[in-house]
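121 is the number that the UniProt record's numbering gives to position 121 of the sequence shown; each next residue is one higher, with no gaps.
Single-structure report; data block below.
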Amino acid sequence: MVTIDCLPFEIFRSICLFLNAFDLLSLKQVCQKFNKLLGSNFWKRRLLGFSPGDYPCLPNKEVNWVDVSIERDRHLILFGPNSACSQFVRPEATSFGIDAMHIPPIAPELLILGDRGRVVSIFSLKSVSNSEAWTPLSTDARLHSGWIWSIKSLGNSVVTGSWDGNLRHGILSNTGISPQSVYK
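If you want it as structure tokens, here you go:
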């Protein structure tokens, strides 16, 4: 009987290509031989085999191939073809380009959007998944005087960042985001 540690490298590598990065990290810890076989070169070849095009895109950029592979697999789990995510298409172009999206952990049924028209809008994910019309629960065009490029939250506190150079802090409530503070 042949054990996996006695397989030729080519066969071992082929088997490993079917495993996700998290399983490979566990396999790497089994013994020194696996740790050596699953070194940086393996991760680089694995990633480049899955990803067409040039990588990294910047010449002479130092890359941690293990970290990049883990990130790729994590994103595939979340957003890949076999993920449980839903796709929403906004057919009507009633707003400017959307540059920031955020689902607050405290209110996972909400979607907060920031756009190039300086508008922060809050939508119900249930309503956008069940209809073609996207009707916001709340819209505020007074928060910023530039494109909104970042939205983050912690609890019911929401912070938005904009090209106007301001960070605005607000409280998420039933009526929208109530402005609290401005940071320049």
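Using N, Cα and C, we set each Cβ at its ideal position, and we do this for glycine too.
- Put simply, of 116, 141, 102 the residue whose alpha carbon is nearest the alpha carbon of residue 125 is 102.
- Taking 4 residues as the shortest admissible run, the segment 55-114 contains the following complete alpha helix (DSSP H) segments, listed from N- to C-terminal end: 65-79.
- Membership of residue 23 in the alpha helix (DSSP H) is indicated by the continuous run 21-28.
- In the assembly as shown, residue 113 is a buried residue. Its beta-carbon has 16 or more other beta-carbons within 10 Å.
- Taken in chain order, the complete beta strand (DSSP E) segments of 3 residues or longer contained in the segment 123-153 are 138-140.
- Non-local beta-carbon contacts of residue 50 in its own chain, meaning distances under 8 Å to residues more than five positions away in sequence, involve 72 in chain order.
- For residue 173, there is no enclosing alpha helix (DSSP H); the residue is part of the beta strand (DSSP E) that begins and ends at 167-173.
- Each residue's CA atom was taken as its position, placing residue 157 and residue 108 some 14 Å apart.
- Looking at 33, 170, 7, 111, the one whose alpha-carbon comes closest to that of residue 136 is 111.
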